[in-house]
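Participant:
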Amino acid sequence: ETGVTQSPTHLIKTRGQQVTLRCSSQSGHNTVSWYQQALGQGPQFIFQYYREEENGRGNFPPRFSGLQFPNYSSELNVNALELDDSALYLCASSLEQGRGGETQYFGPGTRLLVL
Amino acid sequence: KQEVTQIPAALSVPEGENLVLNCSFTDSAIYNLQWFRQDPGKGLTSLLLIQSSQREQTSGRLNASLDKSSGRSTLYIAASQPGDSATYLCAVPNAGNMLTFGGGTRLMVKP
Numbered sequence: 006e007t008g009v010t011q012s013p014t015h016l017i018k019t020r021g022q023q024v025t026l027r028c029s030s031q032s033g034h035n036t037v038s039w040y041q042q043a044l045g046q047g048p049q050f051i052f053q054y055y056r057e058e059e060n061g062r063g064n065f066p067p068r069f070s071g072l073q074f075p076n077y078s079s080e081l082n083v084n085a086l087e088l089d090d091s092a093l094y095l096c097a098s099s100l101e102q103g104r105g106g107e108t109q110y111f112g113p114g115t116r117l118l119v120l
Numbered sequence: 529k530q531e532v533t534q535i536p537a538a539l540s541v542p543e544g545e546n547l548v549l550n551c552s553f554t555d556s557a558i559y560n561l562q563w564f565r566q567d568p569g570k571g572l573t574s575l576l577l578i579q580s581s582q583r584e585q586t587s588g589r590l591n592a593s594l595d596k597s598s599g600r601s602t603l604y605i606a607a608s609q610p611g612d613s614a615t616y617l618c619a620v621p622n623a624g625n626m627l628t629f630g631g632g633t634r635l636m637v638k639p
């Protein structure tokens with residue numbers, strides 16, 4: 006059983022550019038959630054994908070968008086990058102069975118720096 | 529809207545001490561509460577998950593308690609070691625299993 010993997014590990018972009026981050030969920034998991042963690046803070050929920058549909062969204066603007074593929078892997082896209090988008094982006098997968106509160110397993114994160 | 533707070537924000541202790549990290553939440557209608565460990569620049573490692581029906585959960589030197597009525601959880605670390613140095617985060621899910629995190633407690637255990 007493989008864990009959650011993310012790519013790339015580090016990324017440097019300039020303001021105004023676009024970026025795509027990738028996440029492969031743990032084997033058998035049907036749900037992927039994305040979180041943004043600024044330096045020295047706790048992670049903030051961005052959105053969640055369940056069976057290829059967006060299932061919930063935090064307080065992030067529309068320039069943050071995502072996809073989930075039939076194999077349950079996922080992408081996070083950020084357009085028109087701003088300096089404040091510099092953060093660690095974490096992906097978590099879980100097996101949602103409609104009961105709520107399933108354990109989420111986190112990947113190692115992608116460190117994004119916007120200059 | 530659920531809010532999660534962790535106190536203290538940072539803690540430095542000598543090796544061997546027992547310590548308690550605190551987590552409070554505003555909405556007591558939770559499914560569970562999860563404690564994570566995060567090493568610098570790394571992802572999150574799940575330590576303990578306490579279901580809403582449970583009062584305690586133990587793993588090795590770690591013990592987490594949950595008091596839903598008062599909106600509090602504690603993580604007790606016995607006989608701390610330098611390898612325990614990390615940031616500890618607590619989080620609670622909403623009905624869709626979207627986690628709300630506290631700001632974390634940064635722990636330093638000095639040899």
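If you read the protein sequences in the order shown, they are chains A and B.
Numbers 6 to 120, taken from this note's numbering, label the letters of the first sequence in order.
Numbers 529 to 639, taken from this note's numbering, label the letters of the second sequence in order.
For each residue, glycine too, the CB sits at the ideal point set by N, CA and C.
Considering only the alpha carbon of each residue, which of B:557, B:630, B:548 lies closest to residue 637 of chain B?
Facilitator: When only C-alpha atoms are compared, the closest one is B:548.
Participant: Taking a cut of 9 Å between CB atoms, which residues from the stretch 563-576 of chain B lie near chain A?
Facilitator: Those residues of the stretch 563-576 of chain B that come within reach of chain A (Cβ to Cβ, closer than 9 Å) are 564, 566, 569, 570, 571, 572, 573, 574.
Participant: Could you confirm whether any beta carbon from chain B is found closer than 8 Å to the beta carbon of residue 60 of chain A?
Facilitator: By this cut-off, residue 60 of chain A is an interface position.
Participant: What separation, rounded to the nearest whole angstrom, lies between the Cα atoms of residue 66 of chain A and residue 605 of chain B?
Facilitator: So the alpha carbons of these two residues sit roughly 39 Å apart.
Participant: What separation, rounded to the nearest whole angstrom, lies between the Cα atoms of residue 595 of chain B and residue 572 of chain B?
Facilitator: Distance between the alpha carbons of residue 595 of chain B and residue 572 of chain B: 24 Å.
Participant: Taking DSSP as the reference, what is the three-state secondary structure of residue 88 of chain A?
Facilitator: Residue 88 of chain A falls in the helix class under three-state DSSP.
Participant: Out of A:31, A:115, A:73, A:87, state which residue places its alpha-carbon closest to the alpha-carbon of residue 100 of chain A.
Facilitator: With distances taken between Cα atoms, residue 100 of chain A lies closest to A:31.
Participant: Beta-carbon of residue 50 of chain A versus every beta-carbon of chain B: anything under 8 Å?
Facilitator: Yes, its Cβ sits closer than 8 Å to a Cβ of chain B.
Participant: Taking three-plus beta-carbon pairs below 8 Å as touching, is the stretch 79-93 of chain A in contact with the stretch 105-120 of chain A?
Facilitator: Verdict: yes, contact present.
Participant: For residue 531 of chain B, which residues of its own chain have a beta-carbon under 6 Å away from its beta-carbon, when the five flanking residues on both sides are left out?
Facilitator: The answer, listed in chain order, is 554.
Participant: Can you tell me which of the three DSSP states residue 13 of chain A falls into?
Facilitator: Coil.
Participant: Any idea if residue 632 of chain B is buried or exposed, counting beta-carbon neighbours within 10 angstroms, 16 or more meaning buried?
Facilitator: Per the 10 Å Cβ criterion, buried.
Participant: Compute the distance between the beta-carbons of residue 575 of chain B and residue 590 of chain B, then report whether it is under 8 Å.
Facilitator: Cβ distance < 8 Å, so residue 575 of chain B and residue 590 of chain B count as in contact.
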